[in-house]
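Heads up: the protein sequence lines correspond to chains A and B, in order.
Start counting the first sequence at 1; every next residue gets the next number (my numbering).
Start counting the second sequence at 155; every next residue gets the next number (my numbering).
Note sheet for the following structure.
Number of protein chains: 2
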Amino acid sequence: MRRDNRLSAALHVLLHMAEEAHPLTSGKLAKTMMTNPVVVRRMLAGLRAKGYVRSEKGHGGGWTLARDLEAVTLRDIYDALDSPSLLAIGHRAENPQCLIEQAVNAVLNQTFRDAEDMLLSRFGEVTLAALSTDFHKRLAGRQGAYNPEAAHEG
Amino acid sequence: MRRDNRLSAALHVLLHMAEEAHPLTSGKLAKTMMTNPVVVRRMLAGLRAKGYVRSEKGHGGGWTLARDLEAVTLRDIYDALDSPSLLAIGHRAENPQCLIEQAVNAVLNQTFRDAEDMLLSRFGEVTLAALSTDFHKRLAGRQGAYNPEAAHEG
DNA sequence: TCTCATGTAATTCTAAATGTTACATGAGAC
DNA sequence: GTCTCATGTAACATTTAGAATTACATGAGA
Numbered sequence: 001m002r003r004d005n006r007l008s009a010a011l012h013v014l015l016h017m018a019e020e021a022h023p024l025t026s027g028k029l030a031k032t033m034m035t036n037p038v039v040v041r042r043m044l045a046g047l048r049a050k051g052y053v054r055s056e057k058g059h060g061g062g063w064t065l066a067r068d069l070e071a072v073t074l075r076d077i078y079d080a081l082d083s084p085s086l087l088a089i090g091h092r093a094e095n096p097q098c099l100i101e102q103a104v105n106a107v108l109n110q111t112f113r114d115a116e117d118m119l120l121s122r123f124g125e126v127t128l129a130a131l132s133t134d135f136h137k138r139l140a141g142r143q144g145a146y147n148p149e150a151a152h153e154g
Numbered sequence: 155m156r157r158d159n160r161l162s163a164a165l166h167v168l169l170h171m172a173e174e175a176h177p178l179t180s181g182k183l184a185k186t187m188m189t190n191p192v193v194v195r196r197m198l199a200g201l202r203a204k205g206y207v208r209s210e211k212g213h214g215g216g217w218t219l220a221r222d223l224e225a226v227t228l229r230d231i232y233d234a235l236d237s238p239s240l241l242a243i244g245h246r247a248e249n250p251q252c253l254i255e256q257a258v259n260a261v262l263n264q265t266f267r268d269a270e271d272m273l274l275s276r277f278g279e280v281t282l283a284a285l286s287t288d289f290h291k292r293l294a295g296r297q298g299a300y301n302p303e304a305a306h307e308g
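Here is the structure:
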């Protein structure tokens, strides 16, 4: 099954924005993400609607963070992306007449619910600030300055 | 995201087989599952390879269970279906040069791994016998005899 | 040898993410 | 004002993997 990358992509974009003082254009971000500007705009539109980022048109325009990194969790971003489904497996009919199917669904549903709850609560525990701290630790380990161009070569 | 139904479908089929003393044809099972005989055969081929079911050709042929219900867990079936991916979300590059992407992946990977482990260990705890018991409880509650035809009407 | 059922390859259908094109809108720069 | 830059968005194309279908070979009774 194909996997939805939007959460990963959104976090990546947000942290890049956090490293820059000026607005970043969707074109620039798209190059960073090796994707298309429209894909970036589409994704960020959801975050803007929830107030996590701002966008401005015209010269010098682009995207900027609208919130403190401490104030935003992965859960917030996940929700802003319209809560894409987390699990790749499921079952056939939601309200089957067949009692066997009901028994199967009962077990699977409970298990799936628990797994989703676990994922969401984990997401709620991690802030963008924590991710940023981790990034800067890695950066210090490399003893290099931040260079978004070089970071995405090859 | 579209969800993979094979685990649910396989469990459903296996429990139907458990209720019948004679072999069930893929055509009959397909009608039960409102799907196509080839889909059923393809799915059951994986289970047969692992020894959970048997198939026989010709008159009176079809599919039968090859193991005790107590001896098979949902995990066994999941593995026999070739371990379809459990999570619908993921990330972009597995070994990104970008340190931001690395930081993002580190958090997401750990979370995803934990969720998958939880699902698999849950699957390992539930036997087909437990599902069957649940089914028979529901059946007793309905005070009806088992009737696979009626169970899948409408 | 006829029929039934599986075995399996090849093809098509489908849904959802992803990617692309095209063009309208609005904000500076000049 | 108008040119350029950048977002906003609709419409369309591509991709991917599961699901469904078609077609035919194989083998086991009746």
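We put the CB at the ideal spot given by N, CA and C, even for glycine.
Sequence-distant residues of the same chain with beta carbon closer than 6 Å to residue i, five excluded per side
i: T218(B); result: P177 and R208
i: A30(A); result: N36, P37 and V40
i: G216(B); result: P177, L178 and T179
i: E307(B); result: At E307(B), the pLDDT of 42 sits below 50, so the modelled position is not reliable and the matter cannot be decided from this model.
i: N259(B); result: H245
i: G58(A); result: none
Exposure of residue i, with buried meaning 16 or more beta-carbon neighbours within 10 Å
i: H166(B); result: buried
i: E224(B); result: exposed
i: G244(B); result: buried
i: E125(A); result: exposed
i: A294(B); result: exposed
i: A203(B); result: exposed
i: E101(A); result: buried
i: M187(B); result: buried
i: A175(B); result: exposed
CB contact check: residue i to chain B, cutoff 7 Å
i: N5(A); result: yes
i: H22(A); result: no
i: A129(A); result: no
i: D134(A); result: yes
i: A45(A); result: no
i: V39(A); result: no
i: V53(A); result: no
i: S26(A); result: no
i: T64(A); result: no
i: A115(A); result: yes
i: R75(A); result: no
i: R122(A); result: yes
i: L15(A); result: yes
Spatial neighbours of residue i in its chain, beta-carbon cut-off 7 Å, leaving aside the 5 residues before and after
i: L240(B); result: E270 and L273
i: A66(A); result: G51, Y52, V53 and R54
i: R75(A); result: L120, F123 and G124
i: E210(B); result: P177 and G216
i: R113(A); result: none
Whole-number beta carbon distance between residue j and residue i, since they are thought to touch under 8 Å
i: R296(B); j: L128(A); result: That pair is no contact at about 52 Å.
i: L7(A); j: L131(A); result: So it is not a contact: roughly 12 Å between Cβ atoms.
i: I231(B); j: A164(B); result: 5 Å
i: R157(B); j: N5(A); result: Contact doesn't hold; Cβ gap of about 18 Å is too wide.
i: P238(B); j: A103(A); result: Between A103(A) and P238(B) the Cβ distance is about 21 Å, and since that is not below 8 Å, they are no contact.
Cβ of residue i within 7 Å of any chain A Cβ
i: A172(B); result: no
i: E255(B); result: yes
i: G244(B); result: yes
i: S237(B); result: no
i: V226(B); result: no
i: R292(B); result: yes
i: H166(B); result: yes
i: L183(B); result: no
i: L223(B); result: no
Chain-order list of residues whose beta-carbon lies under 8 Å from that of residue i (same chain, five-residue window excluded)
i: L81(A); result: R6, L7, A10, M43, G46 and L47
i: T73(A); result: F123, G124, E125, V126, T127 and L128
i: D68(A); result: A129
i: G214(B); result: H176 and P177
i: P250(B); result: Q256 and N259
i: K182(B); result: G216
i: D233(B); result: K204
Residue i beta carbon near the ligand GDP (any heavy atom closer than 6 Å)
i: V39(A); result: As far as ligands go, the structure on display features none, and thus does not contain the ligand GDP.
Check: Okay, do the segment 260-274 of chain B and the segment 196-208 of chain B touch, 3+ Cβ pairs below 8 Å being the bar?
Finding: Pairwise C-beta distances place the segment 260-274 of chain B out of contact with the segment 196-208 of chain B, as fewer than three of them are shorter than 8 Å.
Check: If we count Cβ pairs, one from each stretch, closer than 8 Å, do we get three or more for the segment 103-115 of chain A versus the segment 133-140 of chain A?
Finding: Judged by pairs of C-beta atoms under 8 Å, the segment 103-115 of chain A does not touch the segment 133-140 of chain A, as fewer than three such pairs exist.
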